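Visitor: What follows is a structure written as structure tokens; I'll ask about it next.
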Amino acid sequence: MPGISEKLQKKLLFNPDGTRELGQQRLVGGKSTNLIEFANCKYSWAEQLYRKMRQFFWIPDEIPLGDDKRQFPKLTEYEQSAYKKTLAFLIFLDSIQVDNLGALALYITAPEVVACLKTQAFFETIHAQSYDYLLTSVVDSLTRDEVYTMWKDDSILLTRNKFITDQYQEFIDNPNEKAFIRSCMADYLLEGIYFYSGFAFFYSLGRQDKMGGTVSLIRLIQRDENTHLALFTHILRTLQEENPEWFDADIKAELLSMLKTAVDHEISWGKYVTRNQILGLSDSIIESYIKYLGNLRAEAIGLGSPYGNIKHPMPWVDTYAAMNSTKTDFFERKVTNYQKFGGSMKFDNLKPPS
Ligand SMILES: [Fe+2]
Ligand SMILES: [Fe+2]
Numbered sequence: 002m003p004g005i006s007e008k009l010q011k012k013l014l015f016n017p018d019g020t021r022e023l024g025q026q027r028l029v030g031g032k033s034t035n036l037i038e039f040a041n042c043k044y045s046w047a048e049q050l051y052r053k054m055r056q057f058f059w060i061p062d063e064i065p066l067g068d069d070k071r072q073f074p075k076l077t078e079y080e081q082s083a084y085k086k087t088l089a090f091l092i093f094l095d096s097i098q099v100d101n102l103g104a105l106a107l108y109i110t111a112p113e114v115v116a117c118l119k120t121q122a123f124f125e126t127i128h129a130q131s132y133d134y135l136l137t138s139v140v141d142s143l144t145r146d147e148v149y150t151m152w153k154d155d156s157i158l159l160t161r162n163k164f165i166t167d168q169y170q171e172f173i174d175n176p177n178e179k180a181f182i183r184s185c186m187a188d189y190l191l192e193g194i195y196f197y198s199g200f201a202f203f204y205s206l207g208r209q210d211k212m213g214g215t216v217s218l219i220r221l222i223q224r225d226e227n228t229h230l231a232l233f234t235h236i237l238r239t240l241q242e243e244n245p246e247w248f249d250a251d252i253k254a255e256l257l258s259m260l261k262t263a264v265d266h267e268i269s270w271g272k273y274v275t276r277n278q279i280l281g282l283s284d285s286i287i288e289s290y291i292k293y294l295g296n297l298r299a300e301a302i303g304l305g306s307p308y309g310n311i312k313h314p315m316p317w318v319d320t321y322a323a324m325n326s327t328k329t330d331f332f333e334r335k336v337t338n339y340q341k342f343g344g345s346m347k348f349d350n351l352k353p354p355s
């Protein structure tokens, strides 16, 4: 394609060669004006995703946590431990996301996709704020300190967080096509695999009528994460369509290997956090669930079904996540479950049908 670089290049903020002609636009290496123009943009999926993300705006500290504060000391020792470890994990990666999305956006030449990345970063900030709100509202200050330093005190947590942040850092330090693809893949795995045993743990508490405020926050967070997953699915697919020469056998093997590592990490983390002591979350169920998700994520970006034929082992989790669905009517689904009444939030239908 004339005038289009085959190498990944940081975009010019002011681009004298920018044009509004859609035929000249690409996800990276395009001739963008950098002006956000939703009525005339190449990637309609990004325009729709942006509008969906914006509709989902919510305010964490409007969800009451008084009952959670009273219930936390009554949780079992294992539930308290899993609660703290899961939050420590979520806090670390959601916070890192805020910065890293900006690093990727410097190379994206489609303003409508940049709009999605910046909006995602804003929502990751809301998520980080949610965890901060949970820890200041539900547990004492010593526990809060313990959770905020767990990322370096817990070697298992450190290893799995580093797997993602190493990919991010490598691209920032040495920006090239393959490092960019790996960084996008790490984002995809974080959004699509890494959070899921943690979400399932909170939903298992919800099933027992425990920690309802925390569960409401997590459901809103998962609703957002599904839009982020959709965004990175589109980014990886578009990169592949527009730059087939970058996706040689080596990088495809690497992406599949990254996916399998993420699945292994999530399974061992899920087992480590729950200790086979959380109702509805046995070790074997966690393993099947994460492999089931691994298949979905691999299939969505053309990497086959690495785990064969695995059925969803706990469909009740999807009942909790139902308001988040991206599978069927993602773009048509109306905003639900979040209505503001005189400054407080009403969550009539956050509890799934029993
Ligand atoms: Fe998040
Ligand atoms: Fe996210």
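The working numbering applies: residue 2 is where the sequence shown begins, and numbers increase by one.
Ideal Cβ placement from N, Cα and C applies to all residues, glycine included.
The structure displayed is predicted, hence computed values, not measured ones.
Which whole-angstrom value describes the C-beta separation of Phe202 and Thr275, a residue pair presumed to lie in contact below a C-beta threshold of 8 Å?
Guide: 6 Å between Cβ atoms; contact.
Visitor: If I follow the unbroken alpha helix (DSSP H) through Cys185, where does it start and stop?
Guide: Here the alpha helix (DSSP H) through Cys185 covers Glu178 to Leu190.
Visitor: Beta carbon of Leu257, beta carbon of Leu191: below 7 Å?
Guide: In this structure, Leu191 does not lie closer than 7 Å to Leu257 by Cβ.
Visitor: Whole-angstrom Cβ separation of Ile182 and Trp247, contact assumed at under 8 Å?
Guide: With a Cβ gap of about 7 Å, Ile182 and Trp247 count as contacting.
Visitor: Which whole-angstrom value is the C-beta distance of Ala66 and Lys211, which I expect to be below 8 Å?
Guide: Sequence check: residue 66 is Leu here, not Ala. In fact, because the Cβ distance is near 13 Å, the residues do not count as touching under 8 Å.
Visitor: Using the C-alpha atoms, what's the distance from Ile286 back to Asp312?
Guide: Checking the displayed sequence, the identity of residue 312 turns out to be Lys instead of Asp. Their backbone Cα atoms lie some 11 Å apart in a straight line.
Visitor: Is it right to say Ala40 is buried, meaning 16 or more other beta carbons lie within 10 angstroms of its own, or is it exposed?
Guide: Exposed.
Visitor: Who are the Cβ neighbours of Leu218 in its own chain at under 7 Å, not counting the five residues just before and after it?
Guide: Closer than 7 Å at Cβ, skipping near neighbours: Pro61, Ile64, Ser131 and Leu135.
Visitor: With 16 other CB atoms within 10 Å as the buried threshold, where does Asn244 fall?
Guide: With 16 or more Cβ atoms within 10 Å of its Cβ, Asn244 is classed as buried.
Visitor: Of the choices Leu50, Lys8, Leu9 and Tyr44, whose alpha-carbon is the least far from that of Thr239?
Guide: Of Leu50, Lys8, Leu9 and Tyr44, the residue nearest in Cα terms is Tyr44.
Visitor: With distance defined between alpha-carbon atoms, name the residue in Lys12, Ala104 and Val114 nearest to Cys42.
Guide: Among Lys12, Ala104 and Val114, the Cα nearest to that of Cys42 belongs to Val114.
Visitor: Would you identify the three-state DSSP class for Asp154, choosing helix, strand or coil?
Guide: Helix at Asp154.
Visitor: Of all the alpha helix (DSSP H) runs that stay within the bounds of the region 34-101, which reach a length of 4 or more residues?
Guide: Complete alpha helix (DSSP H) runs here, min 4: 45-56 and 67-72.
Visitor: Near Phe124, which residues of its chain fall below 7 Å by C-beta distance, leaving aside the five closest residues on each side in sequence?
Guide: Here the set comprises Met54 and Asp225.
Visitor: DSSP three-state call for Ile219: helix, strand or coil?
Guide: Correct three-state label for Ile219: helix.
Visitor: Taking buried to mean at least 16 other C-beta atoms within 10 Å of its own C-beta, is Gly309 buried or exposed?
Guide: Classification of Gly309: exposed, given that the 10 Å Cβ count is below 16.
Visitor: Ligand 1 heavy atoms versus the CB of Glu267: any closer than 6 Å?
Guide: Glu267 Cβ: outside cutoff for every heavy atom of ligand 1.
Visitor: Is the Cβ-Cβ distance between Met259 and Met151 less than 7 Å?
Guide: Not in contact: Met259 and Met151 (Cβ atoms no closer than 7 Å).
Visitor: Could you pull out every residue in the same chain whose Cβ sits closer than 6 Å to the Cβ of Ile92, ignoring the five residues on either side in sequence?
Guide: So the qualifying residues of the chain are Tyr132.
Visitor: At the 7 Å Cβ level, is Lys163 part of the contact set with chain B, yes or no?
Guide: Protein chain content of the structure displayed is limited to a single chain, and chain B is not contained in it.
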